[in-house]
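Read the structure below first, then the notes.
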Amino acid sequence: MQTIRKREGFEGQRAIVLPKKILEVCGYTPPVNALYITDIGFYPRATYHYRERPNGISQNILIYCTEGKGWLEVPTGTYKVNPNEFLIIPADMPHKYGADEKSPWTIHWVHFKGIQAPYFASLLSRQYKEYVNYSPFLDERIRIFDSIARALESGYSLDNLTYSNISFAYLLASFSFPEKFALAHHTIQKDTVDLSIEYMQQHLDVSLTLEQMASAINLSVSHYSSIFRKKTGYSPVVYFNHLKIQHACQYLQFTTLRINEISSKVGIEDPYYFSRMFTKIMGISPQEYRNKKG
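To get my numbering, take the position in the sequence shown, counting from 1, and add 292.
Here is the structure:
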C-alpha cells in the first residue's frame, strides 16, 4: 500500500507566509534584518505530514513538537522526534521530515533568515552536533509564539515586523537556554488604531470605505488617517487590503476554492481586480502562489 503523505491541510492549522516585498524590507531594515521570520505556522495532529527538499531551502527551519511524534532525515542521519523536542534545519541543508504514522505530531514551526540567522541556527543545534534536542514544555513559549502570529496577522507595519522578530529572538532563546527563560507578562491597553485593525479583521469579507473605518472608532476621516499612518506607516485602505490578501493566502493554501470564490470571501467582487491586487502585494499571482505552496 502506498504511504499517504501531505504537505499541508490539517484541521485547526494556522500558517502565515510573508509577501516577497515585505521580506525585501526585512532584509535591509535594522534591526529586523538581523533575524526575521519568513513563514510561521501551527499544525495540530498533522496526520501524514511530510516534506522533502533535496536541495534544502534558503531559510533555516525550526519545528517544535508538543504532542505526538515525528522524524527528521538529514545527510548526517535520521532522528526521531518526540514530544517536547525541537528540530533545527540549517539553510541549504537537504532534508526530509514527517509525522509518525501512528502518533502524528502537533508542531509549531518557523522559517527564518537574517544576518544573524546562521548563528542562531548553530546555537539551537549546539554547533550542528545535534539537529533534534529536548526542551521542556513552557506555557510562556507558546504564548510568545501566538503573540508573534497575532502581530503578523494584524499586518506588516514596521512596528509589527520589529515587535514580531525581536520577540522571535526571545522565542529562540527559550529553546537555547530553557533554564534561564524567565516568565514575563505584559498587559497593554489597546489604542484606537489597534481597535480599528480589529474592526478590519472582523470585516474582511466586505468592502469598507475610509469613512466607515473612521466612524467605527468615532474619529474624523482626516484625524483617523493621520494617526493610523503615523503608527503603521500605511494608509487605512492599504492596510485593510494587506489583511485581505493575507486572508486570501490562507484560502489558497488550505482550500480548493476557485479564485473568484476567494475574491468574494475577502470582499472583492471583481476577481480580476483581486488578482491584480494580490500580484502587486505578494509579487506573484494567486494561481502561482497556490502552485508554489501546493
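Idealized CB from N, CA, C, for every residue including glycine.
Taken through DSSP and simplified to helix, strand or coil, L315 comes out as helix.
Judged by DSSP secondary structure, A465 falls within the alpha helix (DSSP H) whose first and last residues are L450 to S468. In the assembly as shown, T548 is an exposed residue. Its beta-carbon has fewer than 16 other beta-carbons within 10 Å.
Beta bridge pairing from DSSP links P396 with K361. Note: R345 is bridge-paired with H387 in the DSSP secondary-structure output. Of the candidates Y371, C357 and I380, I380 places its Cα closest to the Cα of S468. Of the candidates S427, S507, V498 and R521, the residue whose Cα lies closest to the Cα of D562 is V498. Around N352, the same chain offers I380, I381, P382, A383, H403, F404, K405, A409, P410, F412 and A413 as residues with beta carbons nearer than 8 Å, after the five sequence neighbours per side are excluded. Per the C-alpha coordinates, the member of Y526, K394, K572 and Q305 positioned closest to L450 is Y526.
C541 and S350 have their C-alpha atoms spaced approximately 21 Å apart. By the Cβ rule, the segment 416 to 430 does not count as touching the segment 487 to 501, because fewer than three pairs are nearer than 8 Å. If you look at E377, you'll find it in the beta strand (DSSP E) that goes E377 to I381. In this structure the segment 353 to 362 lies against the segment 390 to 403, because at least three pairs of beta carbons, one per stretch, are closer than 8 Å. Closest option to E471, judged by alpha-carbon separation, among R433, L544 and R337: R433. Residue range D431 to E445 is occupied by the alpha helix (DSSP H) that includes R442. Secondary structure of A338 (DSSP, three-state): coil. Under the DSSP assignment, R306 falls in the beta strand (DSSP E) whose first and last residues are R306 to V309. For L500, the closest of K522, Y531 and S514 by C-alpha to C-alpha distance is Y531.
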